[in-house]
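Report on the structure given below.
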Amino acid sequence: MNQDAQVYIFFMFGNFIYFILVLLIYSTYQPSEETNFTGSETLFLFVILIVIFTLFTWIQFRRIEKRIIKERSFHLDNKFTATLTSQSILAIVLFSIDIYGLNLTSFLTNIPLLAVIPTFQALLFLLLFIFYLAIVWACAYGSYEALYRTDMSRRSYVFSQISFSAPILLPWLLLSGVADIINALPFELPKRLLSTTEGEVAYFLIFLLAIAILGPTMIQKFWRCKPLETGRHRSRIENLCRKAEMGYANILYWPIFGGRMITAGVMGLVKKFRYILVTNALLQMLEPEEIEAVIAHEIGHIKKKHLLFYLLFFVGYMMISYATFNLLVYSIVFSETIYSLITSTGIDQTTVTTSIFSLVIITVFLIYFRFIFGYFMRNFERQADTYVYALFDSAGPLISTFEKIAATSGHPSDKPNWHHFSIKRRIDYLKKCEADRTWITRHDNKIKKSIAAYLVGIVLICGIGYNLNFGEGGKKLNAHFFEKIIQRELEKTPGNPLLYTTLGDLYFSNKKYTETIEAYEQSLHLDPYNPYALNNLAWLYATCEVETFRDPKKALALAKKAAKLKDAPHIFDTLAESYYVNGQFEMAVLAGTRALEMTTKNRTYYENQLKKFKAAMKSGNAF
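Under my numbering, the first residue of the sequence shown is numbered 272, with each subsequent residue one higher.
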């Protein structure tokens, strides 16, 4: 690897994190029913923000470019990479403003195709983020050209960045897209399976495994890799793979930035779909023994099953998030500080809640990947380094390769990053192994113990998280926790109808129906035109499982009032249900149809409701 290869690899990992963050920001946001600005105002602000972002980014890189030209120093690459990182993060901030501030998603909710296949809408916003990154890369090109003396055009540089970053989105795109297609098809069984927690988990795991196995084939085609021609380089790599007893599908040219980077890679869990990637620069600029050492390192990743463990760690993150984030979110959302923010500023509760939800899950993601995933990545890289000794008597060629990187990169050799030990530490460890091979065994044992500790930790966290989130003990603890918080706030602001509505929701979820009615009625006493309290109380009177609490007439009166105050799918669904329990089936169908027309999510539920009302109208019997 040369210096710009180091830059690329650093930002390849960075872009992976960026895209995951953007997906989390988008997927966890629940758009409010009201937009913050008019359509023309939103468009104006959207364009102005892009212009400001572009100008600021251009100025930042122009300053670096002038310093590079003036000083003629390769040591400014640290400044370049730092600026590239900061502007990429700023692109995420701009994307967040588009989602949370401008509420751009609300302007697309009425497009039929996007309602049926929501993945298309998500893809539009991901393309928007790629556009922001393209602005960064286009502005960065001048500094990149001056720093690395590249012969690539600006257009080629930008498109190379996009082409090697875009496949990161492929697993999500297929996972989400196939789920949308299943929900759009007229088959009920797959829909029912996918609507359950167990079905979602099973679908995710099966699809993830399929992508992990088949993904390399799609990615190498997307990257336009070509088979390495027959010759001495291919023969040496083939012989090395036979020596290591590692199967593969093909050895390919890796056209990363025109193939001018000295680097290699391997991808694929299954040998039938496994590819060894080499750049033209690697073959031209390294000695044959050094090329073999680099390939041996990549073989080490396969022989030590690192790719499989990376898949395991990703699943582990999903399990940890699933088990714990609800409790974390609730702990923050219902804290005194947040409630004070909502009540004092008048900020929309949905916006605040979804913002906190996104922030919590993003924080968990960053901590996990920075410290846990990063720990294993660093140690897996060291293990791949030491695998050279399984194929050769000495790691001298790999050490000399690292020394070349250190000499040409412009980076301090002792500078680490979150996913690799520093070059100096990698060289030092190989030299220790050169003198005493027991260091290899020590490191292998360290990794085994770390993986065992990780698995035990995952089991414990998931067990505790499941109990706290879904077990009876957790339900009681959460109910007690929330009730105490709300009661404390009511002591401070006894005239706040929102708190009484929230308290009613809490009581209803815990089947305390007497307390539920009292809380909703108190909310309506303070604010008779609160559509949420009206709607929720109507739903209780219409559907309560305890017969003594049902009152169809009250339910209908409250639901009608709520529908006059607020156009929302769930409110018209309550109105439809209220008509239904009063035997007014035709009106139930009309209200249910209105609810279905308005909704963009959970359409299966509203469709089933409408079927129920139509069946009742046809038979003339509610039950």
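We put the CB at the ideal spot given by N, CA and C, even for glycine.
Q) For the alpha helix (DSSP H) that residue 449 lies in, which residues bound it at each end? A) In the DSSP annotation of this structure, the continuous segment of the alpha helix (DSSP H) that includes residue 449 starts and ends at 441-455.
Q. Where in the region 635-702 do unbroken runs of the alpha helix (DSSP H), each at least 4 residues long, occur, reported from the N-terminal end onward?
A. Considered as a whole, the region 635-702 harbours 645-657, 659-662 and 667-680 as its complete alpha helix (DSSP H) runs of no fewer than 4 residues, in chain order.
Q. For residue 358, is the classification buried or exposed, using 16 other Cβ atoms within 10 angstroms of its Cβ as the cut-off for buried?
A. With 16 or more neighbouring CB atoms inside 10 Å of its own CB, residue 358 falls in the buried class.
Q.
Can you confirm whether the region 369-389 touches the region 306-316 when touching is taken to mean that 3 or more C-beta pairs between the two stretches lie within less than 8 Å?
A. Counting Cβ pairs under 8 Å, three or more are found: they touch.
(Q) Here's the rule I'm using: 16 or more other beta-carbon atoms within 10 Å means buried, otherwise exposed. How should residue 707 be labelled? (A) Burial is judged here by how many other beta carbons sit within 10 angstroms of a residue's own beta carbon; residue 707 has fewer than 16 and is exposed.
(Q) So if DSSP puts residue 498 in a beta bridge, which residue, or which two residues, is it bridged to? (A) The partner list for residue 498 (beta bridge, DSSP) reads 523.
Q: Could you please give the first and the last residue of the uninterrupted alpha helix (DSSP H) stretch that includes residue 536?
A: Premise fails: residue 536 lies in the beta strand (DSSP E), 535-538, not in any alpha helix (DSSP H).
Q | Beta-bridge pairing of residue 895 - partner residues as DSSP gives them | A | What the structure shows of the chain is the stretch from 272 to 894, and residue 895 is not part of that stretch, so it cannot be assessed.
Q | Per DSSP, the bridge partner or partners of residue 860 | A | Note: residue 860 sits in no beta bridge, so no partner.
Q: Could you check what DSSP says for residue 541 in three-state terms: helix, strand or coil?
A: Three-state result, residue 541: coil.
Q.
Quick test of the definition: if touching needs 3 or more C-beta pairs under 8 Å, does the region 658-677 touch the region 560-569?
A. Result yes; three or more Cβ-Cβ pairs closer than 8 Å.
Q | Buried or exposed by the 16-neighbour rule on C-beta atoms within 10 Å, applied to residue 690 | A | The C-beta of residue 690 has 16 or more other C-beta atoms within 10 Å across all chains shown, which makes the residue buried.
**Q.** Exposed unless 16 or more other CB atoms sit within 10 angstroms - verdict on residue 760
**A.** With 16 or more other CB atoms across the displayed protein chains lying within 10 angstroms of its CB, residue 760 is buried.
Q: Flag this pair as touching only if the region 441-460 and the region 389-398 have three or more C-beta atom pairs under 8 Å; answer yes or no.
A: Segment contact: the region 441-460 against the region 389-398, three or more CB-CB distances shorter than 8 Å; contact assigned.
Q) Who are the Cβ neighbours of residue 472 in its own chain at under 7 Å, not counting the five residues just before and after it? A) None.
**Q.** Reduced DSSP category for residue 276 - H, G, I as helix; E, B as strand; rest coil
**A.** Confidence at residue 276 is low in this model, with a pLDDT of 40, below 50, so its placement is unreliable and no value can be given for it.
Q: Might you give, ordered along the chain, the residues of its own chain that have their beta carbon closer than 7 Å to the beta carbon of residue 794, omitting 5 neighbours on each side?
A: Contacts found: 768, 771, 772, 775, 801 and 804.
(Q) Within a Cβ cutoff of 6 Å, which residues of the same chain sit near residue 865, ignoring the five residues on either side of it in sequence? (A) Excluding residues up to 5 positions away in sequence, 843 lie with their Cβ nearer than 6 Å to the Cβ of residue 865 in the same chain.
Q) Quick one: what does DSSP say residue 795 is sitting in, helix, strand or coil? A) Helix, per DSSP.
(Q) Using only CA atoms, which one of 848, 647 and 874 lies nearest to residue 885? (A) Looking at the Cα atoms, 848 is the closest of the given residues.
Q) Do you know how far the Cα of residue 368 is from the Cα of residue 563? A) Residue 563 and residue 368: Cα-Cα distance of roughly 48 Å.
**Q.** Length at least 4, wholly inside the region 765-810: the alpha helix (DSSP H) runs in chain order
**A.** The qualifying runs are 768-780 and 784-797.
Q: May I have the straight-line CA-CA distance separating residue 494 from residue 437, to the nearest angstrom?
A: Each residue's alpha carbon lies about 10 Å from the other.
Q) What are the residues that DSSP puts in a beta bridge with residue 549? A) Partner(s): 524 and 535.
Q. Do the CB positions of residue 439 and residue 585 come within less than 8 Å of each other?
A. No, these two residues do not count as a Cβ contact at 8 Å.
Q. According to DSSP, is residue 486 helix, strand or coil?
A. Helix, per DSSP.
Q) If we ignore side chains and look at the alpha-carbon of each, how far apart do residue 548 and residue 654 end up? A) Cα to Cα, residue 548 sits roughly 20 Å from residue 654.
Q | Terminal residues of the alpha helix (DSSP H) in which residue 461 lies | A | Counting along the chain, the unbroken alpha helix (DSSP H) around residue 461 starts and ends at 459-466.
Q: Would you mind reading off the limits of the alpha helix (DSSP H) that contains residue 437?
A: In the DSSP annotation of this structure, residue 437 is not part of any alpha helix (DSSP H), being labelled neither H nor E.
Q) Going along the chain, which residues of its own chain have a beta-carbon closer than 8 Å to the beta-carbon of residue 887, five neighbours each way excluded? A) Exclusion of the five residues before and after residue 887 leaves 851, 856, 859 and 893 as the residues of its chain whose Cβ lies within less than 8 Å of its Cβ.
Q | Simplified DSSP state of residue 555, which is helix, strand or coil | A | In this structure, residue 555 counts as helix in the three-state DSSP scheme.
Q: Indicate the three-state DSSP secondary structure (helix, strand or coil) for residue 821 in the structure shown.
A: Of the three classes helix, strand and coil, the one that applies to residue 821 here is coil, per DSSP.
Q: Enumerate, from N- to C-terminal direction, the unbroken beta strand (DSSP E) stretches of 3 or more residues contained entirely within the region 825-850.
A: If one requires a minimum length of 3 residues, no beta strand (DSSP E) run lies completely within the region 825-850.
Q. Mapping DSSP to helix, strand and coil, what is residue 415?
A. Three-state result, residue 415: helix.
Q | DSSP-derived helix/strand/coil call for residue 424 | A | Secondary structure at residue 424: coil, using DSSP grouped into helix, strand and coil.
(Q) Suppose you measure from the CA of residue 889 to the CA of residue 813; what does that come to, to the nearest Å? (A) When rounded, the separation of the alpha-carbon atoms in residue 889 and residue 813 is 21 Å.
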